[in-house]
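Number of protein chains: 2
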Amino acid sequence: MADWEAMLAAAGFRITEPRRAVIEALARAERPLSPEELLERAQPEHSRLGLVSVYRALNLFARLQLVRRVHHEDGCHGYMLASPGHTHAIVCQRCGNTAEFSVEGDVQAVVERAQAQTGYRVSGHMLQLFGICPACERAEH
Amino acid sequence: MADWEAMLAAAGFRITEPRRAVIEALARAERPLSPEELLERAQPEHSRLGLVSVYRALNLFARLQLVRRVHHEDGCHGYMLASPGHTHAIVCQRCGNTAEFSVEGDVQAVVERAQAQTGYRVSGHMLQLFGICPACERAEH
DNA sequence: CTATCTGCAAAAAGTTTGCATGTTC
DNA sequence: GAACATGCAAACTTTTTGCAGATAG
Numbered sequence: 002m003a004d005w006e007a008m009l010a011a012a013g014f015r016i017t018e019p020r021r022a023v024i025e026a027l028a029r030a031e032r033p034l035s036p037e038e039l040l041e042r043a044q045p046e047h048s049r050l051g052l053v054s055v056y057r058a059l060n061l062f063a064r065l066q067l068v069r070r071v072h073h074e075d076g077c078h079g080y081m082l083a084s085p086g087h088t089h090a091i092v093c094q095r096c097g098n099t100a101e102f103s104v105e106g107d108v109q110a111v112v113e114r115a116q117a118q119t120g121y122r123v124s125g126h127m128l129q130l131f132g133i134c135p136a137c138e139r140a141e142h
Numbered sequence: 002m003a004d005w006e007a008m009l010a011a012a013g014f015r016i017t018e019p020r021r022a023v024i025e026a027l028a029r030a031e032r033p034l035s036p037e038e039l040l041e042r043a044q045p046e047h048s049r050l051g052l053v054s055v056y057r058a059l060n061l062f063a064r065l066q067l068v069r070r071v072h073h074e075d076g077c078h079g080y081m082l083a084s085p086g087h088t089h090a091i092v093c094q095r096c097g098n099t100a101e102f103s104v105e106g107d108v109q110a111v112v113e114r115a116q117a118q119t120g121y122r123v124s125g126h127m128l129q130l131f132g133i134c135p136a137c138e139r140a141e142h
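Residue numbers (my numbering), protein chains in the order written: chain X, 2 to 142; chain D, 2 to 142.
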């Protein structure tokens with residue numbers, strides 16, 4: 002039984018064809034996808050699939066932390082499968098490819114400095130990097 | 002002459018009433034505002050103001066880095082005046098208030114670790130913290 | 001068999017564009 | 001006065017909702 006199925010079941014949700022189609026399309030994806038793109042890629046798997054169900058599946062998965070929302074500075078976002086544990090995404094500004102990384106201790110320093118400067122009690126963070134992936138780097142030269 | 006006027010002029014844009022109304026509403030704001038909210042707050046200043054001009058002003062200001070887009074995990078965003086220099090925002094999850102902080106060196110460690118882990122060349126980042134502001138902290142107890 | 005989920009259509013948000021008029025420089 | 005910016009209406013895009021029928025447990 003796949004991990005996501007256990008997660009859904011544990012939270013009292015059902016394992017359905019549309020949800021499976023969406024999550025498998027995400028698993029195959031090489032970069033974050035928009036709901037529209039996901040629909041296209043998931044339809045071969047479940048031809049009756051509608052865009053609405055993609056949205057509903059994504060919102061559910063995001064709530065359960067099975068998928069991650071990927072933002073860009075100007076706001077539009079895509080979805081990618083989230084690795085278990087606490088990781089962040091880095092997006093290639095040229096090709097859109099994405100990788101994940103984890104920075105346990107280093108973020109702690111940032112959080113502490115921010116708390117000292119602002120007096121806020123920090124409870125969460127959103128960190129995302131932008132850059133150029135190795136493949137694009139090579140292509141540029 | 003206000004700083005934003007100099008910035009606009011230097012970039013070849015005009016100082017207009019709608020733009021002034023929007024930026025002054027932002028200056029008065031105690032938290033990030035949506036375009037719709039900004040319209041309401043800027044209209045007293047310039048009654049003919051339309052929502053479209055708010056959008057156009059915000060897009061321009063964002064391009065010139067005069068305002069910062071503030072994201073939430075689920076994507077919707079607001080706008081706030083950007084401090085000069087490189088700062089980040091922390092948003093209170095209870096009341097929406099926002100503060101800025103800067104973490105020069107500490108982010109560098111994060112960037113280096115990410116580069117080492119992913120092989121990407123990092124060129125930018127989006128870091129935003131969430132938490133509870135001092136006022137809400139007090140109110141809770 | 002029952003509660004949950006889906007798909008459709010339609011509504012609701014949110015954002016952008018075309019164009020005639022008004023403003024800034 | 002010329003170029004730029006505005007405001008309106010309307011188009012477009014993106015996301016949500018209502019509901020009858022389908023499906024998982």
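Don't be surprised by glycine CBs; every beta carbon is placed ideally from N, CA and C.
Every value quoted in this text rests on a predicted model; they were computed, and no experiment measured them.
Where does residue i fall in DSSP's three states?
{"i": "residue 137 of chain X", "result": "helix"}
{"i": "residue 125 of chain X", "result": "strand"}
{"i": "residue 31 of chain D", "result": "coil"}
{"i": "residue 101 of chain D", "result": "strand"}
{"i": "residue 120 of chain D", "result": "coil"}
{"i": "residue 3 of chain X", "result": "coil"}
{"i": "residue 107 of chain D", "result": "helix"}
{"i": "residue 54 of chain D", "result": "helix"}
{"i": "residue 49 of chain D", "result": "coil"}
{"i": "residue 41 of chain D", "result": "helix"}
{"i": "residue 113 of chain D", "result": "helix"}
{"i": "residue 25 of chain X", "result": "helix"}
At a cut-off of 7 Å, would you count residue i as near the ligand COA, judging by its Cβ distance to the nearest heavy atom?
{"i": "residue 9 of chain D", "result": "In terms of ligand content, the structure shown is empty, and the ligand COA therefore cannot be addressed."}
Per DSSP, which residues does residue i bridge with? Please list them.
{"i": "residue 15 of chain X", "result": "DSSP lists no partner for residue 15 of chain X."}
{"i": "residue 68 of chain D", "result": "D:82"}
{"i": "residue 93 of chain D", "result": "D:132"}
In terms of alpha-carbon separation, which member of the options lies closest to residue i?
{"i": "residue 46 of chain D", "options": "D:63, D:28, D:32, D:61", "result": "D:28"}
{"i": "residue 89 of chain D", "options": "D:77, D:95, D:72", "result": "D:72"}
{"i": "residue 111 of chain D", "options": "X:11, X:16, X:3, X:102", "result": "X:102"}
{"i": "residue 77 of chain D", "options": "D:35, D:5, D:131, D:44", "result": "D:35"}
{"i": "residue 83 of chain D", "options": "D:32, D:17, D:53, D:115", "result": "D:32"}
{"i": "residue 64 of chain D", "options": "D:133, D:135, D:5, D:136", "result": "D:5"}
{"i": "residue 113 of chain X", "options": "D:116, D:113, D:108", "result": "D:108"}
{"i": "residue 131 of chain D", "options": "D:92, D:74, D:137", "result": "D:92"}
{"i": "residue 44 of chain X", "options": "X:25, X:137, X:139", "result": "X:25"}
{"i": "residue 17 of chain D", "options": "D:49, D:79, D:100", "result": "D:49"}
{"i": "residue 116 of chain X", "options": "D:104, D:139, D:15, D:39", "result": "D:104"}
{"i": "residue 62 of chain D", "options": "D:74, D:100, D:7, D:51", "result": "D:7"}
{"i": "residue 87 of chain D", "options": "D:53, D:106, D:139, D:80", "result": "D:106"}
{"i": "residue 30 of chain D", "options": "D:81, D:14, D:12, D:40", "result": "D:81"}
{"i": "residue 40 of chain D", "options": "D:79, D:3, D:138, D:142", "result": "D:79"}
Flag this pair as touching only if the segment 116-124 of chain D and the segment 52-69 of chain X have three or more C-beta atom pairs under 8 Å; answer yes or no.
no
For the segment 125-141 of chain X against the segment 14-21 of chain D, do three or more pairs of beta-carbon atoms, one drawn from each stretch, fall closer than 8 Å, so that the two count as touching?
no
Give the residues from the segment 8-23 of chain X that approach chain D closer than 9 Å (Cβ to any Cβ), ordered along the chain.
none
Can you list, in chain order, the residues of the segment 115-142 of chain X whose Cβ is nearer than 7 Å to any Cβ on chain D?
115, 118, 119, 120, 121, 122, 123, 124, 125, 126, 127, 128, 129, 130, 131, 132, 133, 134, 135, 138
Taking any Cβ of chain X, which residues in the segment 69-87 of chain D have a Cβ under 9 Å from it, in chain order?
70, 72, 73, 74, 75, 76, 77, 78
Do three or more CB pairs link the segment 37-57 of chain X to the segment 96-108 of chain X at distances below 8 Å?
no
Which residues, in chain order, does the segment 99-111 of chain D contribute to contact with chain X at a C-beta distance below 7 Å?
100, 102, 104, 107, 108, 110, 111
Members of the segment 50-69 of chain X near chain D, C-beta cut-off 9 Å:
60, 63
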